[in-house]
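For reference, the structure discussed in these notes is given below.
Numbering (this note's numbering), first residue to last: 20 to 339.
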């Protein structure tokens, strides 16, 4: 079977230290797409043709790779089978709308766009025009998550009594880096609140830092903007319950983690035992080599580390 021909949206041609936004596309998507025989990058869409050409050269893509600056032009390219959109959240719909109208297959990073209204419009267009769609909610495919699900489902910890997650976001302290300044603007959608999946829980949110300084890490944290307005919660507390009645509590707090402790901890309490996950990353879809799952057996009183099976993605650099 021939390789799927990919049009990649958002691969900046600027060096990482010069890029004004996050480098998610080259770090999370490019390593797999360029190493897998099942995919072939045939086109790039950037803010300008020059930027796309610079990215082609920077990442040594084939010289046959096409450079586009307009979503409409990419949508008309019959040589593109699949679009992979990895730009700032509020630009998602504008970037993929012409391709949805053209019936192309489209992958869009999470969140789909700024709000539910736009997300529903995207879904409606895909159904009307027969576009196959994928959203970047890959966290549930993590081998760690699947292993925990398997153990809970097999009754290893008995009846589930409750679950608790605590994590530090890293972002959301008194300062924010210039390349994620949009994290301060809730209406843009690309912030730690929208990047989580919390809509089914009762929530308590608080904005502890209404003003934050924008800093440049490449210049020894030089303050670029003093007292920038912030509309995104930096304290998020959610509580709810699953169908069995077991309570769930999630608390994400802004700022760095407490020294010497894992960035994220997740406990699942059961009648026979307990699972604990610890990781240096608050977001499990990113993955970290130090992510660890431990099982506490209440009968024996012993704690043992759970071995998680490796898969084809383990050879790729994090977060790919």
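C-beta atoms are modelled at their ideal positions from N, C-alpha and C, and glycine is treated no differently.
The C-alpha of residue 169 lies about 30 angstroms from the C-alpha of residue 151. Rounded to whole angstroms, the gap between the alpha carbons of residue 89 and residue 313 is 49 angstroms.
Inside the region 128-183, DSSP marks whole beta strand (DSSP E) runs of 3 or more residues at positions 152-155, from first to last along the chain.
275 is the residue among 259, 96 and 275 whose C-alpha sits nearest the C-alpha of residue 253. Residue pairing by DSSP leaves residue 106 without any beta bridge partner. When DSSP states are grouped into helix, strand and coil, residue 74 belongs to the helix group. Inter-residue distance for residue 54 and residue 149 is about 29 angstroms (C-alpha atoms, whole angstroms). With a 10 Å radius around the Cβ and a threshold of 16 neighbouring Cβ atoms, residue 239 comes out exposed.
Annotated three-state conformation of residue 91 is helix, per DSSP.
Between residue 255 and residue 182, the C-beta gap is not smaller than 8 angstroms, which leaves the two residues out of contact.
Under DSSP, residue 291 takes part in no beta bridge, so it has no partner. Per DSSP, residue 335 lies in no alpha helix (DSSP H) segment and is marked neither H nor E.
Cβ-Cβ separation between residue 64 and residue 58: approximately 16 angstroms, too far for a contact (criterion under 8 angstroms).
Closest by C-alpha distance to residue 328, out of 166, 261 and 117, is 166.
Per DSSP, the beta-bridge partners of residue 270 are 185 and 256. In the DSSP assignment, residue 24 falls outside any alpha helix (DSSP H) and lies within the beta strand (DSSP E) extending over 23-28. Counting C-beta pairs with one atom in each stretch, the region 282-295 and the region 171-180 have three or more that are closer than 8 angstroms, which means they touch. Residues 281, 282, 307 and 309 of the same chain have their beta carbon placed closer than 7 angstroms to that of residue 299, with the five preceding and five following residues left out of the count. Bounds of the beta strand (DSSP E) holding residue 64 are 58-64. The beta-carbon distance between residue 131 and residue 124, rounded to whole angstroms, is 15 angstroms. This is too long to meet the 8 angstroms contact definition. Counting only residues of its own chain and dropping the five nearest sequence neighbours on each side, residue 76 has a CB closer than 8 angstroms to the CB of 32. When only Cα atoms are considered, residue 126 and residue 78 end up about 21 angstroms apart. From the listed residues 176, 333 and 242, the smallest Cα separation to residue 315 is found for 176.
Relative to the Cα of residue 115, the nearest Cα in the group 29, 288, 56 and 187 belongs to 29.
For residue 112, the enclosing alpha helix (DSSP H) has its first and last residue at 111-120.
Residue 288 and residue 261 have their alpha carbons spaced roughly 13 angstroms apart.
DSSP places residue 52 in the helix class (H, G or I) of the three-state scheme. Where residue 80 is concerned, there is no enclosing beta strand (DSSP E), because DSSP gives it neither an H nor an E. Residues of the same chain with a CB within less than 6 angstroms of the CB of residue 322, apart from the 5 flanking positions on each side, are 313 and 315 in chain order.
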